[in-house]
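Peer 1: Encoded as C-alpha cells, here's the structure I'll be asking about.
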Amino acid sequence: MPGPEPVKKRSWFARHKILTGLGAIVVFFVAVSAANGGSKDAPAAGAATPTADVTQAAAAPSEAAPAAAPAPAPAAGAATPTADVTQAAAAPSEAAPAAAPAPAPAAAAVGTPVRDGKFEFTVTSIKPGVPSVGSDAFGQKAQGQFVLMHLTIKNIGDKAQYFDGSSQKAFDAQGREFSSDAGAAIYLEDSNSFLNEINPGNTVTGTVVFDMPRDAAIAKLELHDSPFSGGVRVTP
119 MPGPEPVKKR
129 SWFARHKILT
139 GLGAIVVFFV
149 AVSAANGGSK
159 DAPAAGAATP
169 TADVTQAAAA
179 PSEAAPAAAP
189 APAPAAGAAT
199 PTADVTQAAA
209 APSEAAPAAA
219 PAPAPAAAAV
229 GTPVRDGKFE
239 FTVTSIKPGV
249 PSVGSDAFGQ
259 KAQGQFVLMH
269 LTIKNIGDKA
279 QYFDGSSQKA
289 FDAQGREFSS
299 DAGAAIYLED
309 SNSFLNEINP
319 GNTVTGTVVF
329 DMPRDAAIAK
339 LELHDSPFSG
349 GVRVTP
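Numbering-wise (the working numbering), the sequence shown opens with residue 119 and increments by one.
Have a look at this one:
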C-alpha cells in the first residue's frame, strides 16, 4: 500500500501574500513616479525649448514687418526743394529795381569859390565876343569868337601844384564840349594859364581862352586841378 504523498512546499510569495501585495504596490508607485519625473526633466527629442520659443516669438514681428519703401527719386529736370527755396529767396532781390545813381553836385555860380583837388577856383567874370588877342604883329584871330574866363586859383594843398589852362573845359547849351586855346592865351598879358606852378597857400589870377562859334555861349564850366581829377562845375 503506497504511502501518503508528500506535502508540497509553497513559495515565499504564496506564503506571504500581504507582504507581496504591499511590495507590488510600492514598486508600482515608484515606477509611476520615475516615469512622471523623467517626462518633466527631459523634454522629448526635437521639442523646442521654452527659450527658443520666446526668442522666435520675439523675432517674428520684425521678420514679418514690411521693409520701408525708399523715397521716390525726383523726376529728371525737377528742381530740388533746396533749389526752390533758394530761387524763392533770390526772387525779391532780382525783382528789386536798381538803385538810382547819385545825382551830380549842383553847379556853383560865378563868383562862388569851388574846390577840386589841391586848388580852390573862383571864376570872377566871363567875357564873350572877342575877335582876336594880342597885337597885330603878335597875336591870334579867333576861328569864331574868343570867350575869356577870368579866375583866381589858390593852392589849398601842402605841396606845389601846376595850374594848366588846357585841363579846363567849357560846354554850350547843346552840350558840346570846348577845350581851351593855350596858343591864344600866351598872347594875353598875365594870362598865367600855361603850366603855372603855385606854391601852397598862394593865389594866382589868370585867364583861360576858349574859341567858340559866334552864336554859341558858355552854359557850364568844368574846372580841374589836373587832367585826371573829377572836376568841379560852375555856371554863368
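Where a beta carbon is used, it is the ideal one built from N, C-alpha and C, also for glycine.
Contact between the stretch 285-296 and the stretch 270-277: three or more CB pairs below 8 Å?
Peer 2: No: fewer than three Cβ pairs fall under 8 Å.
Peer 1: Please report the distance separating the alpha-carbon of residue 335 from that of residue 314.
Peer 2: Roughly 27 Å between the two C-alpha positions.
Peer 1: Going by the CB atoms, is the gap between residue 245 and residue 265 shorter than 8 Å?
Peer 2: For residue 265 and residue 245, yes; Cβs fall inside 8 Å.
Peer 1: Applying the 10 Å Cβ sphere with the 16-neighbour rule, what's the burial state of residue 216?
Peer 2: Flag for residue 216 reads exposed.
Peer 1: Counting only the same chain and skipping the five closest in sequence on each side, list residues whose C-beta sits under 7 Å from that of residue 235.
Peer 2: Same-chain partners within the cutoff: 343, 344 and 347.
Peer 1: Note down, one range per segment and in chain order, each beta strand (DSSP E) of at least 3 residues found wholly within the stretch 229-298.
Peer 2: Fully enclosed beta strand (DSSP E) runs of 3 or longer: 232-234, 237-252, 257-273, 279-281, 287-289 and 295-297.
Peer 1: Helix, strand or coil: how does DSSP classify residue 429 here?
Peer 2: Here the chain covers residues 119 to 354 and nothing more, so residue 429 does not appear.
Peer 1: Quick one: what does DSSP say residue 224 is sitting in, helix, strand or coil?
Peer 2: Residue 224: coil per DSSP, three-state reduction.
Peer 1: Which value, in whole angstroms, describes the spacing of the CA atoms of residue 227 and residue 306?
Peer 2: Distance between the alpha carbons of residue 227 and residue 306: 25 Å.
Peer 1: Out of 284, 136, 249 and 276, point me to the one whose CA is closest to residue 341's CA.
Peer 2: Here the closest residue by C-alpha is 284.
Peer 1: Pick helix, strand or coil for residue 339, following the three-state DSSP scheme.
Peer 2: Strand, per DSSP.
Peer 1: How would you write the range of the alpha helix (DSSP H) that residue 349 sits in, first residue to last?
Peer 2: Looking at the DSSP string, residue 349 is not in any alpha helix (DSSP H), and its letter there is neither H nor E.
Peer 1: To the nearest angstrom, report how far apart residue 321 and residue 243 are at their CA atoms.
Peer 2: Approximately 17 Å, taken between the alpha carbons.
Peer 1: With burial defined as no fewer than 16 other Cβ atoms inside 10 Å of the residue's Cβ, what is the status of residue 256: buried or exposed?
Peer 2: Residue 256 is exposed by the Cβ-count criterion.
Peer 1: For the candidate residues 249, 263 and 277, whose alpha-carbon lies nearest to that of residue 237?
Peer 2: Of the listed residues, the one whose Cα sits closest to residue 237 is 277.
Peer 1: For the alpha helix (DSSP H) that residue 302 lies in, which residues bound it at each end?
Peer 2: Its alpha helix (DSSP H) spans residues 300-303.
Peer 1: Does the beta-carbon of residue 261 have 16 or more other beta-carbons within 10 angstroms, so that it is buried, or is it exposed?
Peer 2: The residue in question, residue 261, is exposed, as its Cβ has fewer than 16 Cβ neighbours within 10 Å.
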